[in-house]
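Colleague: Just so you know, the sequence shown maps onto residues -16 to 515 in our numbering.
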Amino acid sequence: MSSAPQNAAPAAVSAVREVEMKLHLDPRDLSRVADLPALKEKAEGAPAVRDLRTVYYDTPDRRLFLGGVALRVRQDGDRFVQTLKTINAATPGDSAAVAIRKKWDWAIPTAAPDMTPLDAEGVAALVPEDARAALVPQFTTEFRRTTLLVRPDALTSIEVAVDDGQITAGNACARISEVELELKSGRIGRLFDLALALQRCVPVRIGTESKAEIGDRLVTGRLPSPVLPEPLGLTPVTTVAEAYRHIVRHGLRLLLANEACALAGGDVEGLHQMRVALRRLRTAIRLFRPLAGVPDACRAGNDIRWFSRQLGPARDWDVLLSHGIAPFAATGKAPADAIAALTAAVREARRAPALAAVEAIQSPRCTGLILALGAWLEDGAWQSGAAPEVRAQLDRPMAELSGPWLAAQHAKALKAGTLKAGRDLDGADAATRDRLRRRLRKLRHTAEFFRGLYAETATVPFIAALDALLSTLDAEHDAAVAGDLLRGLSTDRPERRPAADATTRWLAKQADKRRKALPGLWKAFRDRPVFW
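1. Whose C-alpha, out of Ala(-2), Leu246 and Gly169, is nearest the C-alpha of Asp88?
2. Any contact of the segment 406 to 417 with the segment 495 to 510, i.e. 3+ C-beta pairs under 8 Å?
3. DSSP three-state label for Arg170, please.
4. So, for Arg115: in the same chain, excluding its five sequence neighbours on each side, which residues have a beta-carbon less than 6 Å away from its beta-carbon?
5. Assign Glu478 to one of two classes, buried (16 or more other C-beta atoms within 10 Å of its C-beta) or exposed (fewer than that).
6. Assess, as a yes-or-no matter, whether the segment 254 to 272 is touched by the segment 232 to 246 under the definition of 3 or more beta carbon pairs within less than 8 Å.
7. For a quick check, are the C-beta atoms of Thr595 and Ile70 less than 8 Å apart?
8. Bridge partners for His7 per DSSP, in chain order?
9. Comparing the C-beta of Val329 with each C-beta of chain B, is any distance below 8 Å?
10. Taking the straight line between their C-alpha atoms, what separation do you get for Asp250 and Pro296?
11. Less than 8 Å between the beta carbons of Pro135 and Lys23, yes or no?
12. Based on DSSP bridge pairs, tell me the residues matched to Ser521.
13. Would DSSP call Val81 helix, strand or coil?
14. Hey, Ala575 and Leu449: beta-carbon distance below 8 Å or not?
15. Curious, which full-length beta strand (DSSP E) runs of at least 3 residues does the segment 448 to 492 contain?
16. Helix, strand or coil for Phe63 per DSSP?
17. Is DSSP giving Leu19 helix, strand or coil here?
18. Taking the alpha helix (DSSP H) that Gly227 falls in, what are its first and last residues?
19. List the whole-angstrom C-beta distance separating Ile150 from Leu201, where the pair is believed to meet the contact cut-off of C-beta under 8 Å.
20. Need the endpoints of the beta strand (DSSP E) that Ala31 sits in, please.
21. Using C-beta distances below 6 Å, list every residue in its chain close to Glu256, excluding the 5 sequence neighbours before and after it, in chain order.
22. Taking Gly172 as the reference, give the member of His306, Pro380, Gly315 and Arg228 with the closest Cα.
23. Rounding to the nearest angstrom, what Cα-Cα distance links Leu469 and Ile344 in this structure?
24. In angstroms, rounded to a whole number, what distance separates the CA positions of Val133 and Gln182?
25. In the structure shown, what three-state DSSP assignment does Thr123 receive?
26. Would you report the Cα separation of Ala3 and Leu304, rounded to the nearest angstrom?
27. Buried or exposed: where does Gly253 fall if 16 or more other Cβ atoms within 10 Å of its Cβ makes it buried?
28. Between which two residues does the alpha helix (DSSP H) carrying Glu196 extend?
29. Indicate the three-state DSSP secondary structure (helix, strand or coil) for Asp510 in the structure shown.
30. Which same chain residues, not among the five before or five after Ala243, have their C-beta less than 7 Å away from its C-beta?
31. Using the three-state DSSP reduction, which class does Gly520 fall into: helix, strand or coil?
32. Which one of Arg188, Leu109 and Gly276 has the shortest CA to CA distance from Trp359?
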């Protein structure tokens, strides 16, 4: 590695803000992309083709990656370009499906990393001096890139890069078959418009991992991890329109962030978080519907509900394993051999629903839903084209409307849980308790949307009481679903019945215990002062 002469001034360079969307394609479709009318008719000049080789560097303990940056040297013909780039640097307010990163580029004389530029102000802290001597090659990308500049309108310029090649780390490799849409000028919504135009011509999927992230996974051998929701962070000056954009972006981002985990199948939490994201999106769209209307993507067939239903069966089997069979087996009261056989049967029964979930995630319908919802949200016609009185409401501070909206959801929940005199909640029928559970779920999502507008000292006790009641009702619902699944497994296979029946009885006992706690949990929630 080259280094600076003593006392040499570090090269000064400003960070570039990179805004791009990544789309995965079948390798057989890559050669068609540059000639598609959706691109060719609005392209400026002929496509350029280059063969690129890039080596990514890090310390053996991955200090740079864990610090949120990637260092690479790319060879483009006789040229070498060293790049430092942030990883997943988008802020919570940035658009979903679009990666927004900072990067610094330096032309260097050889393929060896040059430490001199890393002394520059604003960069030095990203690659600590004590880590530089330990930098070693981690993985390599080699691909052919076909680029063209597309101008959808006079104000918009998008660079389209078609990449075909692979990422290699030792004996592990991953195929590169993707299109990157980088916004050079114009509004982010134009990226969604162009992606939709491409999707109408060739099947695409939204990519959520950079080449650096995929390469790091090859190096470590780890599977993608589930991503939990981050705080929304609304403030008292956030308008209703800004809040809506923020909430929907948050839901789409959570949905996409967990795709890789759900597809890898290594952690069932990824699939669960995708369903959480879909429920949040449905709640938000219903909540803001009087002001924002219904997105076009949600009109025909209500695709959010369709998508959630495709993921539901696999999740039900996951819950049976993790919340039913596993804890029962841990008690030591279950016959080990019979439980092992039942576990194997459940895993086999999950296979078909899991494949159906994967097919739904990878389907053009899913991609079309996300792109169309993103395009609708970012275009903003729901705000700019609204009637004056609606526009006035959208421009109001969210804090002025969040209280009445929360109060309405709270009132519905209280009504659902109010029974006839003399009847406790544990004595209510299953349908009543499930109706209450659904009302509480909507209230919970709504409270999470707006909690940043209120003092934490007020929100935390209320949400804690709500969560305690809701988790108990959720557990009862999961036990009922698990019982149905177990009965179905043992209907045609009598040898499974003893273990299935024993598990069902154990789940029923746990449900009885939870029901006894319901009146107290309900009272604690009902009497808890609201925070709005």
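Ideal Cβ positions, reconstructed from N, Cα and C, are used throughout, including at glycine. Computed from a predicted model, the values in this text were never measured in an experiment.
Modeller: In short:
1. Position 105 of the sequence shown, counted from the start, is the residue given in the question as residue 88. Of the residues Ala(-2), Leu246 and Gly169, the one whose Cα lies closest to the Cα of Asp88 is Ala(-2).
2. Enough Cβ pairs lie closer than 8 Å, so yes.
3. Reading the sequence shown from its first residue, position 187 is the one you call residue 170. Arg170 sits in coil when the DSSP states are folded into three classes, being neither helix nor strand.
4. The residue labelled residue 115 in the question sits at position 132 within the sequence shown. If you ignore the 5 residues before and after Arg115, its C-beta comes within less than 6 Å of the C-beta of Met98, all in its own chain and listed in chain order.
5. Residue numbering aside, residue 478 sits at position 495 when the sequence shown is read from its first letter. Burial check for Glu478: the Cβ neighbour count within 10 Å stays below 16, so the residue is exposed.
6. Judged by pairs of C-beta atoms under 8 Å, the segment 232 to 246 touches the segment 254 to 272, as three or more such pairs exist.
7. Because the chain here runs from -16 to 515, residue 595 falls outside it and cannot be looked at.
8. Walking along the sequence shown from the start, residue 7 turns up at place 24. Its beta-bridge partners are Glu161 and Arg188.
9. The displayed structure is made up of one protein chain only, and chain B is not part of it.
10. What you label residue 250 is simply residue 267 of the sequence shown in a count that begins at 1. What you label residue 296 is simply residue 313 of the sequence shown in a count that begins at 1. Approximately 16 Å, taken between the alpha carbons.
11. Locating residue 135 in the sequence shown gives position 152, counting from the first residue. Locating residue 23 in the sequence shown gives position 40, counting from the first residue. No, these two residues do not count as a Cβ contact at 8 Å.
12. Within the shown structure, residues of the chain are numbered from -16 to 515, placing residue 521 beyond reach of any answer.
13. By one-based count along the sequence shown, residue 81 stands at place 98. In this structure, Val81 counts as coil in the three-state DSSP scheme.
14. Beyond the ends of the chain as shown, which are -16 and 515, falls residue 575; an answer cannot be given.
15. Along the segment 448 to 492, the beta strand (DSSP E) does not occur as any fully enclosed run of 3 or more residues.
16. Within the sequence shown, residue 63 is the residue found at index 80, counting from 1. Strand.
17. Here residue 19 corresponds to residue number 36 of the sequence shown, with the count starting at 1. Leu19 falls in the coil class under three-state DSSP.
18. Within the sequence shown, residue 227 is the residue found at index 244, counting from 1. Note that residue 227 is Tyr in the sequence shown, not Gly. Here the alpha helix (DSSP H) through Tyr227 covers Val223 to Ala240.
19. Position 167 of the sequence shown, counted from the first residue, corresponds to residue 150. Position 218 of the sequence shown, counted from the first residue, corresponds to residue 201. Indeed, because the Cβ distance is near 6 Å, the residues count as touching under 8 Å.
20. On the sequence shown, position 48 is the one that residue 31 refers to. Counting along the chain, the beta strand (DSSP E) containing Ala31 begins and ends at Ala26 to Asp41.
21. Here residue 256 refers to the residue found at position 273 of the sequence shown. At residue 256 the sequence reads Gln, which differs from the Glu that was named. Sequence-distant Cβ neighbours of Gln256 in its own chain, meaning closer than 6 Å and more than five residues away, are Pro209 and Asn241.
22. Position 189 of the sequence shown, counted from the start, is the residue given in the question as residue 172. Of the listed residues, the one whose Cα sits closest to Gly172 is Arg228.
23. Here residue 469 refers to the residue found at position 486 when the sequence shown is read from its first residue. Here residue 344 refers to the residue found at position 361 when the sequence shown is read from its first residue. If you draw a straight line from the Cα of Leu469 to the Cα of Ile344, it comes to about 27 Å.
24. Position 150 of the sequence shown, counting from 1, holds the residue named residue 133. Position 199 of the sequence shown, counting from 1, holds the residue named residue 182. Going from the Cα of Val133 to the Cα of Gln182 covers about 16 Å.
25. Residue 123 sits at position 140 when you count from the first residue of the sequence shown. In the structure shown, the three-state DSSP call for Thr123 is strand.
26. Indexing the sequence shown from 1 puts residue 3 at position 20. Indexing the sequence shown from 1 puts residue 304 at position 321. Here residue 3 turns out to be Glu, not Ala, going by the sequence shown. Taking the straight line joining both Cα atoms gives about 39 Å.
27. Reading the sequence shown from its first residue, position 270 is the one you call residue 253. Classification of Gly253: buried, given that the 10 Å Cβ count is 16 or more.
28. Taking the first residue of the sequence shown as position 1, residue 196 is located at position 213. Where Glu196 is concerned, the enclosing alpha helix (DSSP H) stretches over Lys194 to Thr203.
29. The residue you call residue 510 lines up with position 527 of the sequence shown. It is coil, neither helix nor strand.
30. Here residue 243 corresponds to residue number 260 of the sequence shown, with the count starting at 1. Result list for Ala243: Thr191, Glu192 and Pro207, in chain order.
31. Outside the shown range of the chain, which is -16 to 515, sits residue 520, and nothing can be said about it.
32. Taking the sequence shown and counting its residues from 1, the one referred to as residue 359 is at position 376. The residue with the shortest Cα to Cα distance from Trp359 is Gly276.
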